[in-house]
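Numbered by UniProt numbering, the letters in the sequence shown go through residues 1 to 461 in order.
Worksheet for the structure shown next.
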Amino acid sequence: MSSKSGSKQRILGTAENALIETSRQHQGHMKVGEVLHLQGPYISLDMLIAAINRLQRRHPFLRSRLENNSTKPGTYLLAEDDTFSPKILTFARKHEDRLNFCLQEWRNREKEPAVIGQGLVEFWLLQDPEDHDNENTFTEIVIIGEHSICDGISLSTLAHELLLSLSQGDANMFANSLACPITMEDAVRQSLSAWNRIATFSKFLLAMIRWSVANNRRVARLPLGTVDFPLDDMAKNSFTGLFYGRLDKEQTQTLMEKCRRENVTVTSAVSSAILCSTSMLLPNEDAQLTQLVMAIAADTRRRCIPSMSNNDLSYQVSGTMAFALPTNNTPTTSEGMWQLARVFGNHVKTSVDAGQTLALAMIMGKLYQKNLGAVTLRRAPTCGISNWGLLPFHEQYGKWQLHEMIPIGNMVRMPMPFFLVQTVNGKLTICCNGSVPVVPLNTLESLCNGTIDNLRQMIEH
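The structure is reproduced here in structure tokens:
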């Protein structure tokens, strides 16, 4: 952070500013969070506060407040304050309600926007107060962050470090502060010369034109729910529907082994399963005239030179060129789904090799600013995917066992299903979410179940 007026301040980048504005204008839209399901001794509030305090010493954004940038109206900065305490909420819930209480509470609170003068990360602690003396109880810890300062990878690393801090593990990690992370735009500038930035972006524009010419069918859309409000008001009138599908350790291992044999990534296999599940819910009469279009999020850290660490709590998400598939070409057999996975993987590799992830990173802020306006289905793809990958969690943290981590998010302004994919401690989880009732709950549930069924079919045949 740069020093100014005796305090340390970090001015937000273009994408970060747009994401803050999105949250403030549209009911907290795009916030992201993680629910940690733990089993072990009862965790007191003081224990959690102490663990978070150690974490604050390491991460500048955890000890910073959101402020207006007086030098450039309409933009924001983070002001570091060593006395700052992040928001921590505690919830008393019954032991038998542990699996559903947290998600219901998220529905009640997801629309809280970013607030000037406050931090951008908050923590929840959920337990049964009657388990106060129990050495083997169930606890949920939730970490929620504004997307402007975190993404799935960096938030997962933060959650892992919080559990290390709670269990008094690796004390040296918390002895010193990390440097303030640079913005995604600055990371691209450091990676490419001015000439290479122009060349990369020019090639990207040409690729977009070629994509539009080659994929000129109408975008296939899942049937929307019947609502009595305009789509521009969907953030006020909707909530985020969340459905989870899981593969156990054995199934996940089998999937990864088969992906290696088929020479595809897990992302490609899951994307194929999603596309095939989606096609089953589309009206049959549209198949000859439409195409499935999938938006693909991509982490920029490994694309930068030098590559960036996952330890920095920051937003580093771009994308690739969207993937398009004529609806009537969607396979129904396991062999066909693996072939589709190879086609999808080749598309992503071609996009990444052409520098399109860095090209998109240069303009993500502009794209988010554009999305602040009216909701237009014309620009929306059929669905989207973000694979957080193999995350850094352990099964055991001192006396606590981590049973599961599930992602949550605010998608109240997302007029399409969006999939989050992750692998934690050898188990693959998908989260299918969207804005309900614009995207009906039964549609999200069917998509989630269909995707898992397709993955099992791909594993078994």
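Where is the CB? At the ideal position from N, CA and C, for every residue including glycine.
Inter-residue CB distance, residue i and residue j (contact presumed, cutoff 8 Å)
i: residue 40; j: residue 427; result: Actually they do not touch by this definition, with Cβ atoms about 19 Å apart.
i: residue 174; j: residue 63; result: So it is not a contact: roughly 13 Å between Cβ atoms.
i: residue 412; j: residue 225; result: Residue 412 to residue 225, Cβ: 14 Å. No contact.
i: residue 362; j: residue 187; result: Rounded, the Cβ-Cβ distance is 11 Å, inconsistent with contact.
i: residue 372; j: residue 9; result: Their Cβ separation, rounded to whole angstroms, is 24 Å, which puts residue 372 and residue 9 out of contact at 8 Å.
i: residue 406; j: residue 423; result: Incorrect: roughly 13 Å between the Cβ atoms, too far for contact.
As assigned by DSSP and simplified to three states, the class of residue i
i: residue 82; result: coil
i: residue 165; result: helix
i: residue 351; result: helix
i: residue 343; result: helix
i: residue 4; result: Per-residue confidence for residue 4 stands at a pLDDT of 39, beneath the threshold of 50, marking its modelled position as unreliable; the derived number appears in the next sentence. Residue 4 falls in the strand class under three-state DSSP.
i: residue 458; result: helix
i: residue 324; result: strand
i: residue 140; result: strand
i: residue 311; result: coil
i: residue 179; result: coil
i: residue 193; result: coil
i: residue 372; result: coil
i: residue 150; result: coil
i: residue 133; result: coil
i: residue 276; result: helix
i: residue 160; result: helix
i: residue 398; result: coil
i: residue 60; result: helix
i: residue 367; result: helix
i: residue 297; result: strand
i: residue 382; result: coil
i: residue 292; result: strand
i: residue 281; result: coil
i: residue 390; result: strand
Contacting residues, own chain, Cβ-Cβ under 6 Å from residue i (five flanking each side not counted)
i: residue 461; result: 334
i: residue 416; result: 380, 383
i: residue 20; result: 76, 114, 148
i: residue 231; result: 375
i: residue 101; result: 93
i: residue 13; result: 183, 185
i: residue 365; result: 14, 15, 18
Short Cβ contact (8 Å threshold) for residue i with residue j
i: residue 431; j: residue 447; result: no
i: residue 330; j: residue 276; result: yes
i: residue 141; j: residue 38; result: yes
i: residue 123; j: residue 43; result: no
i: residue 66; j: residue 118; result: yes
i: residue 181; j: residue 313; result: yes
i: residue 315; j: residue 15; result: yes
i: residue 262; j: residue 341; result: yes
i: residue 170; j: residue 178; result: no
i: residue 151; j: residue 317; result: yes
i: residue 61; j: residue 78; result: yes
i: residue 393; j: residue 160; result: yes
i: residue 388; j: residue 153; result: yes
i: residue 463; j: residue 157; result: There is no way to answer for residue 463, as the model of the chain reaches only from 1 to 461.
i: residue 293; j: residue 322; result: yes
i: residue 193; j: residue 305; result: no
Same chain, Cβ closer than 7 Å to residue i, neighbours up to 5 away in sequence not counted
i: residue 291; result: 215, 217, 219, 220, 324, 325, 326, 327
i: residue 453; result: none
i: residue 449; result: 245
i: residue 320; result: 296, 298, 348, 351, 352, 356, 357
i: residue 256; result: 266
i: residue 467; result: The structure shown does not extend to residue 467, since the chain spans only 1 to 461, so no value can be given for it.
i: residue 242; result: 103, 408, 431, 433
i: residue 30; result: 19, 22, 23, 147, 410
i: residue 354; result: 203, 207
i: residue 280; result: 450
i: residue 116; result: 66, 67, 68
i: residue 473; result: Absent from the structure is residue 473, since the part of the chain shown begins at 1 and ends at 461.
Own chain partners of residue i with C-beta closer than 8 Å, once the 5 adjacent residues on each side are dropped
i: residue 136; result: 39, 40, 41
i: residue 45; result: 88, 90, 125
i: residue 227; result: 234, 237, 437, 438
Chain D contact for residue i (CB, 8 Å cutoff)
i: residue 62; result: No chain D appears in this structure, which consists of one protein chain only.
List in chain order: all unbroken beta strand (DSSP E) runs of 3+ residues lying wholly within the stretch 409-451.
Note on the stretch 409-451: whole beta strand (DSSP E) runs with a minimum of 3 residues are 418-424, 427-436, in chain order.
For the stretch 63-127, which segments carrying the beta strand (DSSP E) assignment without a break, of at least 3 residues, lie completely within its bounds, in sequence order?
Runs of the beta strand (DSSP E) inside the stretch 63-127: 64-68, 76-80, 87-92, 121-127.
Any alpha helix (DSSP H) of 4 or more consecutive residues that is wholly inside the stretch 199-269
Segments of the alpha helix (DSSP H) lying fully in the stretch 199-269: 234-237, 249-262.
3 or more residues per run - each beta strand (DSSP E) lying fully within the stretch 10-51
List check, beta strand (DSSP E) in window: 32-40.
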